[in-house]
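Asks: Chains as they are written, first to last, in this note's numbering: chain Y, 26 to 336; chain S, 5 to 187.
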Amino acid sequence: MSSLSVEHLLGIKYLQREDIELILTTADNFKEVINRPIKKVPSLRDITIANLFFENSTRTKLSFELAEKRLSADVINFASSNSSVKKGETLIDTVNNILAMKVDMVVIRHPNPGAAHFLSQHVDAQIVNAGDGTHEHPTQALLDAFTIREKLGTLKGKRVVIVGDILHSRVALSNIFCLQKLGAEVMVCGPTTLIPKHIHSLGVKVEHNLRRALQWCDVANMLRIQLERQELAYFPTLREYSMLFGLTKDILDSLDKEILIMHPGPINRGVEISSEVADGAHSLILQQVENGVAVRMAVLYLLAGKIERQS
Amino acid sequence: MKPIELLNSQQLSVTITRLCHELMENHGDFSRTAIIGLQPRGIYLADRIVKELKERKGINHIRSGKLDITFYRDDFRRKAEPPIPSETELDFELEDLNVVLIDDVLFTGRTIRAGLDAMLAFGRPRKVELLVLIDRRFSRQLPVQPDYTGKMVDTIASERVAVEWLETEGKDRVTLFSIEDKA
Chain Y
26 MSSLSVEHLL GIKYLQREDI ELILTTADNF KEVINRPIKK VPSLRDITIA NLFFENSTRT
86 KLSFELAEKR LSADVINFAS SNSSVKKGET LIDTVNNILA MKVDMVVIRH PNPGAAHFLS
146 QHVDAQIVNA GDGTHEHPTQ ALLDAFTIRE KLGTLKGKRV VIVGDILHSR VALSNIFCLQ
206 KLGAEVMVCG PTTLIPKHIH SLGVKVEHNL RRALQWCDVA NMLRIQLERQ ELAYFPTLRE
266 YSMLFGLTKD ILDSLDKEIL IMHPGPINRG VEISSEVADG AHSLILQQVE NGVAVRMAVL
326 YLLAGKIERQ S
Chain S
5 MKPIELLNSQ QLSVTITRLC HELMENHGDF SRTAIIGLQP RGIYLADRIV KELKERKGIN
65 HIRSGKLDIT FYRDDFRRKA EPPIPSETEL DFELEDLNVV LIDDVLFTGR TIRAGLDAML
125 AFGRPRKVEL LVLIDRRFSR QLPVQPDYTG KMVDTIASER VAVEWLETEG KDRVTLFSIE
185 DKA
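1. Which residue or residues does DSSP assign as beta-bridge partners of Lys70 (chain S)?
2. Taking the beta strand (DSSP E) that Glu9 (chain S) falls in, what are its first and last residues?
3. Whole angstroms are fine: how far does the CA of Leu269 (chain Y) sit from the CA of Leu239 (chain Y)?
4. Helix, strand or coil: how does DSSP classify Asn246 (chain Y) here?
5. Based on the DSSP secondary-structure assignment, which residues constitute the bridge partners of Cys214 (chain Y)?
6. DSSP on Ala50 (chain S), reduced to helix/strand/coil?
7. Buried or exposed for Asp33 (chain S), going by 16 or more other Cβ atoms inside 10 Å?
8. For Glu184 (chain S) and Pro136 (chain Y), what's the separation of their Cα atoms in angstroms?
9. So what does DSSP say about Asn76 (chain Y), is it helix, strand or coil?
10. Comparing alpha-carbon positions, which option in S:Arg117, S:Glu97, S:Thr179 lies nearest Leu137 (chain S)?
11. Just the Cα atoms here: how many angstroms apart are Phe171 (chain Y) and Arg294 (chain Y)?
12. Please look up how many angstroms separate the CB atoms of Arg195 (chain Y) and His160 (chain Y), rounded, as I've assumed it's under 8 Å.
13. Which whole runs of the beta strand (DSSP E) in the region 99-181 of chain Y are 3 residues long or more, in chain order?
14. Taking a Cβ distance cut-off of 9 Å, strictly less, list which residues of the region 121-136 of chain S are near chain Y, in chain order.
15. Could you compute how far the alpha carbon of Met287 (chain Y) sits from the alpha carbon of Gly182 (chain Y)?
16. Indicate the three-state DSSP secondary structure (helix, strand or coil) for Phe181 (chain S) in the structure shown.
17. In this structure, what does DSSP give as the bridge partners for Ser97 (chain Y)?
18. Using a beta-carbon distance below 9 Å, is Glu114 (chain Y) in contact with chain S?
19. With respect to the beta strand (DSSP E) encompassing Arg164 (chain S), which residues constitute its N-terminal and C-terminal limits?
20. Output, in chain order, the set of chain S residues within a Cβ distance shorter than 7 Å of Tyr326 (chain Y).
21. To the nearest whole angstrom, what separates the beta carbons of Thr85 (chain Y) and Gly156 (chain Y), a pair I think is in contact under 8 Å?
22. What separation, rounded to the nearest whole angstrom, lies between the Cα atoms of Ala75 (chain Y) and Val18 (chain S)?
23. Within 8 Å, do at least three Cβ pairs link the region 275-291 of chain Y to the region 147-155 of chain Y?
24. In angstroms, rounded to a whole number, what distance separates the CA positions of Pro129 (chain S) and Lys70 (chain S)?
25. Give every residue of the same chain whose Cβ lies closer than 6 Å to the Cβ of Asn316 (chain Y), excluding the five residues on either side of it in the sequence, and list them in chain order.
26. Only counting the same chain, and skipping five residues up and downstream in sequence, which positions put a Cβ closer than 6 Å to that of Ile37 (chain Y)?
27. So, with DSSP's three-state summary, where would you put Asn102 (chain S)?
28. So Ile72 (chain Y) and Phe103 (chain Y) are in contact, right, with Cβ under 8 Å, and what is the actual spacing, rounded?
29. Thinking C-beta only, is Leu219 (chain Y) closer than 9 Å to Ile191 (chain Y)?
30. Looking at chain S, is there any beta carbon in it that lies within less than 9 Å of the beta carbon of Asp304 (chain Y)?
31. In whole angstroms, give me the CA-to-CA distance for Glu76 (chain S) and Phe89 (chain Y).
32. In the DSSP assignment, find the unbroken beta strand (DSSP E) run with Arg141 (chain S) in it and report its ends.
33. Report the partner residues of Arg294 (chain Y) according to the DSSP bridge assignment.
34. Roughly how many angstroms separate the alpha carbons of Ala187 (chain S) and Phe181 (chain S), rounded to a whole number?
35. Would you say Phe75 (chain S) reaches chain Y, if we count a Cβ-Cβ gap shorter than 9 Å as a contact?
36. Taking Cβ-Cβ distances shorter than 8 Å, what residues in chain Y pair up with Asp72 (chain S)?
If you want it as C-alpha cells, here you go:
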C-alpha cells in the first residue's frame with residue numbers, strides 16, 4: 026500500500042492498521058531528513074496549510090508548523106484568542122473564509138469533540154485533527170507508537186499502560202486505538218473517578234494500583250491531570266493523587282524490571298511524574314517531541330498526495 | 005515483442021569493470037571522491053562498483069552512500085498515489101568532494117535533476133559526475149548527459165529497460181521490453 030485509505034486524519038479510529046504502518050515507515054524517512062545539515066525538502070512547495078488553534082497549545086502547534094515548513098509548505102497561523110471568533114463568527118464561516126484565500130489543508134485543534142469531523146464534512150480541504158476536546162489526538166498517538174517502535178523494534182505483543190486522567194484524555198483514546206491496531210496490549214490505570222465507566226468495552230485492562238500496573242507493562246505513558254477540563258472534584262487533593270499515582274524513582278527501583286517512560290506533555294513535575302524520572306535514562310519524553318515532527322511530516326505528505334492539482 | 009537481452013551476466017560484468025577503470029582514470033585514489041547510488045535501483049550498481057574497486061582494484065577507502073530523491077521529485081501530486089520513499093544512507097557531508105551519482109537507467113533525466121537537488125542538502129560538492137549503466141538516448145526531457153555510460157540504446161517511449169541483479173532478482177542481466185506486452 027502506498028496511499029492512505031482516508032482523505033483526512035480525524036482520528037486513529039478511522040485508520041486501518043496498514044495506514045498506521047505506512048505513516049510510521051514514511052516517518053522513518055522524514056526522521057532522517059530532519060537530521061540532515063539542511064533539514065528541508067521541497068515536496069509541498071505548492072501547498073498552503075492553515076493551522077487553526079481554538080485551544081492553547083505549545084508543542085503540537087510548533088511541531089506542526091515546523092513539519093509544514095520542513096516540507097516547504099506555506100503556513101498561516103490562527104489562534105482563536107485574537108480572532109473574529111470572539112465577535113461571534115461560526116466555525117464553518119471562519120474556516121471557509123480562510124479557505125477562500127486558497128488554502129489546501131487545515132490543521133485544527135478545538136475544545137469540542139468532533140470539531141475536525143464536522144469540518145471535514147462541510148469544507149473542501151484536507152483536515153488534520155490536532156486534538157478535539159476529549160475525543161482524539163491522532164498525531165500524538167502516532168508519534169507515541171513511532172517512539173515505542175523505534176525503541177523496542179515492534180509494538181506487537183508489547184504491554185503499554187496509560188496512567189492518569191483517562192476520562193478527559195484524547196491522548197489516551199487515540200493511543201488505545203493505535204496501540205491495539207498495531208498489536209500491543211493496553212492497560213489504563215488511575216483513580217476510579219478518572220477511568221471512564223465502559224472503558225473495558227475497548228478491550229483494555231483496568232488497574233487502580235500503580236505499582237501493579239508498572240510491574241505488568243513494558244512502557245508507561247504518564248498523563249497530565251487536566252484540571253482545566255474537570256468541572257467536579259475527582260480526587261481529594263493533588264498531593265494525594267501524586268502519592269498514589271505519581272511516578273517516582275523509588276517505585277521504578279522497586280520493580281524487578283526496567284520500563285520505558287513516556288509523557289505527551291506538558292509535564293506537571295512532582296504531580297504525575299517526578300523530575301528525577303522525567304529527566305532519567307528511561308524517559309523518552311524528548312525523543313517523543315523530536316519524533317513528533319517526523320510523524321507530522323509523514324501525515325501531511327501522505328494527505329497532500331491526495332489533493333488534486335489544479336491545472 | 006519478445007524481450008531483447010541488452011547485456012547478459014558476462015557482458016554486464018565486463019561493462020562494470022570498464023566503468024571502474026574509467027572512474028580510476030579520473031579519480032585516482034578516490035580520497036576526495038564520493039560514490040552515491042540513487043534509490044531505489046541505482047544502489048545495486050553503486051554497490052557493485054564500490055565492491056569491484058575495493059576487492060579487485062585495491063582501493064581500500066571509498067566514501068559511498070545511498071540517496072533517496074522521492075521528496076525532490078517534480079511529479080508529486082501528478083500521480084494517483086504519493087511516491088513512497090526509500091532510505092537515504094549518507095553519513096558524511098559532500099562539501100568540496102567529487103561526487104559520482106550512479107543510476108541504472110537514464111531516461112528522461114528527471115530523476116537526476118531531483119538527485120542533484122537532493123544532494124545539495126548534504127553540502128556543496130566540488131564537482132558532480134553522472135554514471136549510468138544504460139543510457140536511453142534521444143529520450144531526454146531535461147539537459148542531462150552522463151559522464152560514464154555502460155551501454156547506449158535507442159528506444160521508443162513504450163519500451164522499458166529492466167536491469168536485474170543477482171542480489172535481488174537472482175540473475176544479472178539487462179533486457180529491453182515493450183510495456184504493451186507486459187500489460
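Ideal placement from N, C-alpha and C gives every residue a C-beta, glycine not left out.
Everything numeric in this text was worked out from a predicted model, so none of it was measured.
Replies: Reading it off the structure:
1. S:Gly41, S:Glu93
2. 8-11
3. 13 Å
4. strand
5. Y:Val188, Y:Glu232
6. helix
7. exposed
8. 55 Å
9. strand
10. S:Thr179
11. 25 Å
12. 5 Å
13. 99-104, 130-135, 151-157
14. Asp121, Ala122, Leu124, Ala125, Phe126, Gly127
15. 18 Å
16. strand
17. Ser97 (chain Y) is not bridged to any residue.
18. no
19. 163-168
20. Pro86
21. 7 Å
22. 56 Å
23. no
24. 16 Å
25. Leu168, Phe171, Thr172
26. Pro163, Ala166, Ser199, Phe202, Cys203
27. strand
28. The Cβ separation is near 17 Å, so there is no contact.
29. yes
30. no
31. The identity of residue 76 (chain S) in the sequence shown is Tyr, whereas the question assumes Glu. Those two C-alpha atoms are separated by around 21 Å.
32. 131-141
33. Y:Ile298
34. Caution is warranted here: a pLDDT of 48 is assigned to Ala187 (chain S), below 50, making its placement in the model unreliable, and the coordinate value is therefore given only provisionally. So the two alpha carbons sit approximately 11 Å from each other.
35. yes
36. Asn54
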